[in-house]
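Numbering (this note's numbering), first residue to last: 892 to 1213. Structure first, commentary second.
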Amino acid sequence: MARHIIDSGFKSWTPARLSDLSGKTYVITGGNSGIGLEAARMLGRAGGDVVLACRSLEKAESAKAALAGDVKGVEVVRLDLSDLESVRAAASELRGKLSRIDGLVNNAGIMQTPPMKTKDGFELQFGTNHLGHFLWTSLLIDLVEAAEGRVVMVSSIAHKFGRMNFDDLMHETGYTPTKAYGQSKLSNLIFAFELDRRLQEVGAKAIAIACHPGYSNTALQSTGPTGLLNLIYKVTNALMAQGAEAGAIPTVLAAAGTEAKRGAYYGPQKMSEARGPVGDALVADHALDKAAWTQLWEASEALLGEPFAMPGGGAAPQAKTG
């Protein structure tokens, strides 16, 4: 089962409702294409500056050139979320350039890959989509706090079939591309909820919001899946998917919409949330298990070998499970 967790008071939000974003900075992982690129364009048209954090600097520079007519300020930084050393280097580089981040948009991801490992030995999808972003956010959360800004986690309708396998987070046994992907996107959503809860507990001004792009036609379906899955997506993308610009609207709402609420989850409203006008999205019941929120947070800290750096240097109390 799935349900709405917040009534935000709207069902058809558009970027036309954005306020003037001049003087604000948005850091977007995977901002060189698809949802990330279109979100950068929309935020830039409203006056915001953007930083594209991308695995390929060449592609990031191409994206920067493509945004020239819409975004006044564009910076690029090399970030490979599957390499913790790269995550730390990119965060350090940003800290040398920025004193505040109004929106940390954790958008980059990979989908339904064959069994592979990150440089640090983690299952590739969990390591990239979740652990890389977990560390990235920890290293930059104080800059988000300085702006009283937002952390945005881009999840997926795939969280509904995802399950946390805490006994085997790396899927050493029984790996399937779809099972691993579902767990990674469920992790994104759970992380957003738990991060916002902990930020509230320590009295931080920063907030966390989650969103999903529905079924959008991007490189995600062509660069990860192989074999039959790849062939299926070529057909369904043409028949069912919406464009990346439409898919980016929930991300822009979460990053900068004044109507967005902390701890919320936004996405398309039609065709089982695959496309359509943007409002509150449905959250699977298993994604609301607060014990799982805490367990994922603690497992992530253990895997990375360090605690999450909450603003103010404190740790939030654990979530109540009752």
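Where a beta carbon is used, it is the ideal one built from N, C-alpha and C, also for glycine. Since the structure is predicted, the reported quantities are computational estimates derived from the model, not experimental observations.
- Taken atom to atom, the span from the alpha-carbon of VAL1143 to that of LEU934 is near 7 Å.
- Within the DSSP secondary-structure output, TRP904 pairs in a beta bridge with VAL1169.
- Between the alpha carbons of GLU1036 and SER1046 lies a distance of about 22 Å.
- For TYR1072, the enclosing alpha helix (DSSP H) begins and ends at 1068-1092.
- When only Cα atoms are considered, GLY938 and ALA1147 end up about 11 Å apart.
- When only Cα atoms are considered, VAL962 and LEU912 end up about 11 Å apart.
- DSSP, read as helix, strand or coil, puts LYS1008 in strand.
- Relative to GLN1091, the option among ARG1054, THR1067, GLU1039 whose CA is nearest is GLU1039.
- Between the segment 987-998 and the segment 916-923 there are three or more inter-stretch CB-CB distances shorter than 8 Å, so the stretches are counted as touching.
- As for any beta strand (DSSP E) of minimum length 3 sitting wholly inside the segment 939-1015, the runs are 940-945, 965-969, 994-997, ordered along the chain.
- For GLY1138, the uninterrupted alpha helix (DSSP H) segment begins and ends at 1135-1138.
- Within the same chain, GLU1150, ALA1151, LYS1152, ALA1155, TYR1157, GLY1170, ASP1171 come within 8 Å of SER899 by CB-CB distance, once the 5 residues on both sides are set aside.
- Counting the other CB atoms within 10 Å of its CB gives ASP971 a total of 16 or more, which places it among the buried residues.
- LEU1031 and ARG986 have their C-alpha atoms roughly 8 Å apart.
- Taken atom to atom, the span from the alpha-carbon of ILE992 to that of PHE1025 is near 16 Å.
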